[in-house]
Ligand SMILES: Nc1ncnc2c1ncn2[C@@H]1O[C@H](COP(=O)(O)OP(=O)(O)O)[C@@H](O)[C@H]1O
Ligand SMILES: [Mg+2]
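Residue numbers (UniProt numbering): 1 to 293.
So this is what it looks like as structure tokens:
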């Protein structure tokens, strides 16, 4: 059977497409048989347990890691060729960046890359940086050093830096990790606006899907050594997520019709005290649904 016959072609050309892709690192297969397409203009999460190969997948899509077999195309070109059109926010950005840089200097790095410092910044470049800072709501802090910013604001600087080259595709590796709830929400809103207003295709690695659920079109989930893509409605399945997270979870729908993933509590303690949800979002959503009982 022809590979292309296995799924109906997406209406829009795909932004990222894997054909039987596999990656080997230090002699070990990290994942294999990756065959899926991510539609242009969509927001997709990459999910999987620690070490499942989420970062590896992004690096392979960026052409930073070779495949041991198969192929990956991104924005219609082989992985690694369309880098000008891709914005990337690596997992360790907020800890590794030089925190003596000002916000504007950091964002300018995204415009002129390694040439920074070796040439005078042009008006156009400054304007591009300004646009990216406006979009992420950090323009008023342009001259502030990164070391003086909260984690949430640093993360927005990271996003602004990735946006400064005006990419078609934005890839973020765990951008919500270590952020407080308000900062997570602000970052999610920035992603939603980039997608809606600029039509940007977004791929985002996340541990906790709940915060992103309202804006996700689909997810790549790394399960049993293989990456799979599914639309978000199909990912929100208790059995699948339980298998994926390696712990019992269920998909709960609130009275308002909002869905979230919640740990299943099998222990029913004596009444009068609700079992505490460890997940902050789950608990806030659960609270609002309980109010309606
Ligand atoms: N530079 C490397 N060399 C060899 N193996 C690596 C390297 N980086 C990561 N790995 C291995 O690849 C696997 C996937 O890592 P990674 O993609 O970082 O996972 P995730 O992002 O899902 O936590 C892990 O088992 C990790 O030990
Ligand atoms: Mg990772």
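Glycine residues also receive a C-beta, built at the ideal position from the N, C-alpha and C atoms.
Contacting residues, own chain, Cβ-Cβ under 7 Å from residue i (five flanking each side not counted)
| i | result |
| --- | --- |
| residue 52 | 222 |
| residue 264 | 248, 249 and 250 |
| residue 161 | 106, 107, 109 and 110 |
| residue 168 | 75, 85, 200 and 201 |
| residue 19 | 3, 35, 70 and 71 |
| residue 91 | 55, 173 and 174 |
Presumed contact (8 Å Cβ cut-off) between residue i and residue j, rounded CB distance
| i | j | result |
| --- | --- | --- |
| residue 47 | residue 61 | Rounded, the Cβ-Cβ distance is 15 Å, inconsistent with contact. |
| residue 44 | residue 220 | 6 Å |
| residue 89 | residue 173 | 6 Å |
| residue 302 | residue 71 | No answer is possible for residue 302: the residues shown for the chain start at 1 and end at 293. |
| residue 57 | residue 214 | Not a contact, Cβ separation roughly 23 Å. |
Residue i - DSSP class collapsed to helix/strand/coil
| i | result |
| --- | --- |
| residue 207 | coil |
| residue 68 | coil |
| residue 147 | helix |
| residue 91 | coil |
| residue 19 | strand |
| residue 180 | coil |
| residue 120 | coil |
| residue 26 | coil |
| residue 13 | coil |
| residue 82 | coil |
| residue 200 | coil |
| residue 42 | coil |
| residue 173 | strand |
| residue 33 | strand |
| residue 102 | strand |
| residue 237 | coil |
| residue 155 | helix |
| residue 53 | coil |
6 Å CB neighbourhood of residue i in its chain, flanking five on each side removed
| i | result |
| --- | --- |
| residue 298 | The structure shown does not extend to residue 298, since the chain is modelled only from 1 to 293, so the question has no answer here. |
| residue 195 | 43 and 202 |
Those residues which DSSP pairs with residue i across a bridge
| i | result |
| --- | --- |
| residue 262 | 250 |
| residue 223 | 226 |
| residue 73 | 17 and 78 |
| residue 47 | 221 |
| residue 141 | The partner list for residue 141 (beta bridge, DSSP) is empty, contrary to what the question assumes. |
| residue 231 | 218 |
Neighbourhood of residue i by C-beta, 8 Å cutoff - its chain only, sequence neighbours within 5 removed
| i | result |
| --- | --- |
| residue 144 | 102 and 103 |
Any non-hydrogen atom of ligand 3 within 6 Å of residue i CB
| i | result |
| --- | --- |
| residue 201 | Among the ligands present in this structure, namely ligand 1 and ligand 2, ligand 3 is not found. |
- prompt: Using 8 Å as the Cβ pair cut-off and three pairs as the minimum, do the region 177-185 and the region 125-144 touch?
  reply: no
- request: Say whether the region 227-242 touches the region 192-204, bearing in mind that this needs 3 or more beta-carbon pairs closer than 8 Å, one atom from each stretch.
  value: no
message: I want to know whether the region 22-40 touches the region 152-160 - three or more CB-CB distances under 8 Å.
response: no
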